[in-house]
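The next block holds one structure in the form of C-alpha cells; read it before the comments.
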DNA sequence: GGCATGCTTCGCCGCTGCGCGGAGCGGCGC
DNA sequence: GCGCCGCTCCGCGCAGCGGCGAAGCATGCC
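Protein chains in written order, with my numbering: chain A, 1 to 234; chain B, 1 to 234.
This is how it looks when you write it as C-alpha cells:
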C-alpha cells in the first residue's frame with residue numbers, strides 16, 4: 001500500500017474535471033491527440049497540454065508522437081480498471097438522475113481495449129464455465145479446448161500471449177462481476193470488432209462516451225451462441 | 001458512467017493527503033473518532049472536522065454518534081474496493097522505494113471488513129474450487145456443502161445473509177486476483193479473528209496501516225488446511 | 001452546578017493550481 | 001521558402017481550498 005501522499009497524488013490527477021473528462025474519453029481505447037482532448041475537456045490548448053504533461057508524468061497516460069500530432073492513450077489496463085471502478089463508486093455514492101448512456105452502457109461497451117457490460121461479463125462466465133480458461137497465477141490460462149475454440153473463432157492467441165498478462169479479471173462496475181482483461185481480453189474484443197460481431201454505436205462525435213457503446217450484431221449473437229452457448233436476454 | 005464532473009468530485013475527495021490518510025486508516029475496518037483521524041492525518045481538529053463533513057457529504061464515510069464521540073467508518077465496501085484499487089494503481093504507476101509494510105501487507109491483511117492478501121485470495125480460490133460457492137447473479141451463493149462446511153467452521157451464515165450482498169468479488173491489488181467480499185467475506189473474517197486463527201499484528205499505535213496487517217496463527221493454519229486444504233507457502 | 005472533553009462553526013490568511021493569451025518551436029504542404 | 005497548423009513554454013490573474021485559532025455547543029464526569 002502506498003503512502004497517503006503518493007496515493008493522494010495519483011487520486012488528485014483524477015480529481016480535476018478537465019483531466020477526468022480526458023481520461024474518460026481515453027477509456028474508449030482509441031489514442032487521441034492533444035487537440036481532440038482539449039476540445040473534449042472544453043479548455044484551451046495550453047491548459048490541455050499542461051494537464052496531459054502531468055498525466056504522463058504521473059504514469060496514467062502514454063504519449064506517442066507521430067508527425068506534428070501527439071497521440072495519447074491510457075498507460076495500462078490498471079489505469080482503465082481503476083477508472084471504471086471509480087466511475088462505479090461515483091454512481092453508487094452519488095446516485096444522479098439517469099445519465100443518457102446509462103442503460104446502453106450496461107449492455108455492452110469497451111473498457112479501454114476489452115469487452116465490458118453484460119456482454120463482457122457473460123463472455124467471462126462462459127469461458128470459465130466451459131473450462132476454456134482455468135485459474136492460474138495472476139489470472140487465467142487457456143486450456144487445450146480453450147485454445148482450439150478461441151482459434152476457431154479467429155482470436156489471435158499469439159498476439160494475446162505477447163501481452164504482459166494473458167488474462168486477468170477486471171471488475172465490471174455495472175454488473176459487479178468481473179469481465180476479462182489482459183492480452184486475451186484485448187484480442188477477443190479486437191476479433192469481435194474485426195469480424196463485425198460487435199460494432200461501435202458511434203465512431204465520431206464530440207461525446208467521448210458514445211464511442212464506447214457497443215452493439216452485438218445478429219451475426220455476432222449467432223456465432224457466440226454457437227461457440228459458447230452464450231445468450232443475452234437483450 | 002457518471003459525468004466527468006461527478007467523477008472528478010468523487011476522485012477529488014480522495015486526492016487530498018489528509019483525507020487520503022483518514023480513508024486509508026478507515027480501511028482497517030474499525031470505526032474511528034474524529035480526534036483519532038485528526039491525529040492520524042496530522043492536522044487540527046477543525047480541519048479534520050471539515051474534511052470528514054465533506055467525506056460524509058460525498059457518501060464515502062458513514063458517521064455514528066455515541067455520546068460525545070463521533071465514530072466514522074467507510075460507507076460501503078464499494079468505497080473500500082475503490083480505495084484498494086487506487087492504492088494498487090499508485091504502486092504500479094509510481095514504483096517507490098519499498099514501503100515498510102509492503103511485504104507483510106501482501107501476505108494477509110484486512111480490506112475494510114474482509115480478508116485480503118495471499119490469504120484472502122487463497123481462501124477465495126479454495127471456496128470456489130471446492131464448490132462451497134457457485135456463481136450467482138451479482139456474485140456468489142453458497143452450495144449445500146458450503147453451508148455445512150462454513151457452519152462447521154463457526155461462520156455466522158445468518159449474519160452474512162443479512163448483508164446487502166451475500167458474497168461478491170473484490171479485486172486484490174497485490175495478488176491481482178479477487179478475494180471474497182460481501183456479508184460472507186465479513187463473517188469469515190470475523191470468525192477467524194474471533195477464534196484467534198488470524199490476529200492483528202498491531203492493535204494500537206498511530207500508524208493506521210499497521211493495524212490492517214494480519215498474521216495466521218498455527219491453530220488457524222491447521223484448521224484452514226483441515227477444512228479447505230488451504231496451504232500458504234509462508 | 002461546575003468543569004473538562006470532543007467536536008463543530010466562523011473568520012482569516014496563505015498558497016496552490018487552473019485557465020488564458022502570447023510567444024516560441026517543430027512538422028507538413030503548397 | 002513561406003505559411004499553416006499542432007503543440008509547448010512563459011507570465012499573469014484569479015479563485016478555491018486547506019490550515020489555524022477562537023468561540024460556541026453538546027455531552028459526560030465529579
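Every residue gets a Cβ at the ideal spot worked out from N, C-alpha and C, and that includes glycine. All of these numbers come straight from a predicted model, not from anything done at the bench.
Using a Cβ-Cβ cut-off of 8 Å, state whether residue i counts as contacting chain B.
i: residue 44 (chain A); result: no
i: residue 176 (chain A); result: yes
i: residue 11 (chain A); result: yes
i: residue 127 (chain A); result: no
i: residue 201 (chain A); result: no
i: residue 21 (chain A); result: yes
i: residue 78 (chain A); result: yes
i: residue 111 (chain A); result: no
i: residue 183 (chain A); result: no
i: residue 139 (chain A); result: yes
i: residue 36 (chain A); result: no
i: residue 81 (chain A); result: yes
i: residue 32 (chain A); result: no
i: residue 192 (chain A); result: no
i: residue 75 (chain A); result: yes
i: residue 103 (chain A); result: no
Nearest to residue i by alpha carbon, out of the options?
i: residue 235 (chain B); options: B:54, B:116 and B:65; result: With chain B represented from 1 up to 234, any question about residue 235 (chain B) goes unanswered, as that position is not in the structure.
i: residue 82 (chain B); options: B:226, B:225, B:171 and B:166; result: B:171
i: residue 110 (chain A); options: A:223, A:48, A:17 and A:185; result: A:185
i: residue 227 (chain B); options: B:189, B:202, B:175 and B:148; result: B:148
i: residue 221 (chain A); options: A:202, A:195, A:211 and A:212; result: A:195
i: residue 20 (chain B); options: B:103, B:218, B:74 and B:202; result: B:74
i: residue 56 (chain B); options: B:135, B:70, B:45 and B:66; result: B:70
i: residue 27 (chain B); options: A:50, A:1 and A:43; result: A:1
i: residue 161 (chain B); options: B:67, B:141, B:46 and B:190; result: B:141
i: residue 174 (chain B); options: B:17, B:18, B:105 and B:133; result: B:105
i: residue 200 (chain B); options: B:212, B:190, B:207 and B:86; result: B:212
i: residue 137 (chain A); options: B:63, B:121 and B:207; result: B:121
Just to confirm before moving on: does the CB-CB distance between residue i and residue j stay below 8 Å?
i: residue 34 (chain B); j: residue 23 (chain B); result: no
i: residue 58 (chain A); j: residue 3 (chain A); result: no
i: residue 79 (chain A); j: residue 72 (chain A); result: no
i: residue 183 (chain B); j: residue 151 (chain B); result: no
i: residue 143 (chain A); j: residue 128 (chain A); result: no
i: residue 158 (chain B); j: residue 169 (chain B); result: no
i: residue 113 (chain B); j: residue 15 (chain B); result: no
i: residue 176 (chain B); j: residue 88 (chain A); result: no
i: residue 210 (chain B); j: residue 198 (chain B); result: no
i: residue 108 (chain A); j: residue 118 (chain A); result: yes
i: residue 32 (chain B); j: residue 48 (chain B); result: no
i: residue 133 (chain B); j: residue 167 (chain B); result: yes
i: residue 54 (chain A); j: residue 13 (chain A); result: yes
i: residue 218 (chain A); j: residue 5 (chain B); result: no
i: residue 230 (chain A); j: residue 123 (chain A); result: yes
i: residue 40 (chain B); j: residue 25 (chain B); result: yes
i: residue 155 (chain A); j: residue 187 (chain A); result: yes
i: residue 7 (chain A); j: residue 224 (chain B); result: no
Quick one: what's residue i bridged to in DSSP?
i: residue 24 (chain A); result: Bridge partners of residue 24 (chain A): none, in fact.
i: residue 135 (chain A); result: A:140
i: residue 72 (chain B); result: B:32 and B:63
i: residue 17 (chain B); result: In DSSP, residue 17 (chain B) forms no bridge with anything.
i: residue 179 (chain A); result: A:170
i: residue 114 (chain B); result: B:111
If I follow the unbroken beta strand (DSSP E) through residue i, where does it start and stop?
i: residue 155 (chain A); result: First-last for residue 155 (chain A): undefined, no H or E at that position.
i: residue 171 (chain B); result: 168 to 171
i: residue 11 (chain A); result: Counting along the chain, residue 11 (chain A) falls outside any beta strand (DSSP E), though it belongs to the alpha helix (DSSP H) covering 4 to 14.
i: residue 200 (chain A); result: 198 to 200
Where do the N-terminal and C-terminal ends of the alpha helix (DSSP H) with residue i fall, by residue?
i: residue 214 (chain B); result: First-last for residue 214 (chain B): 214 to 216, but that is the beta strand (DSSP E), not the alpha helix (DSSP H).
i: residue 81 (chain B); result: 77 to 93
i: residue 209 (chain B); result: Run containing residue 209 (chain B): none; DSSP gives neither H nor E here.
i: residue 55 (chain A); result: 45 to 57
Just checking: is the beta-carbon of residue i within a distance shorter than 8 Å of some beta-carbon in chain A?
i: residue 93 (chain B); result: yes
i: residue 28 (chain B); result: no
i: residue 233 (chain B); result: no
i: residue 24 (chain B); result: yes
i: residue 209 (chain B); result: yes
i: residue 59 (chain B); result: yes
i: residue 142 (chain B); result: no
i: residue 169 (chain B); result: yes
i: residue 6 (chain B); result: yes
i: residue 86 (chain B); result: yes
i: residue 149 (chain B); result: no
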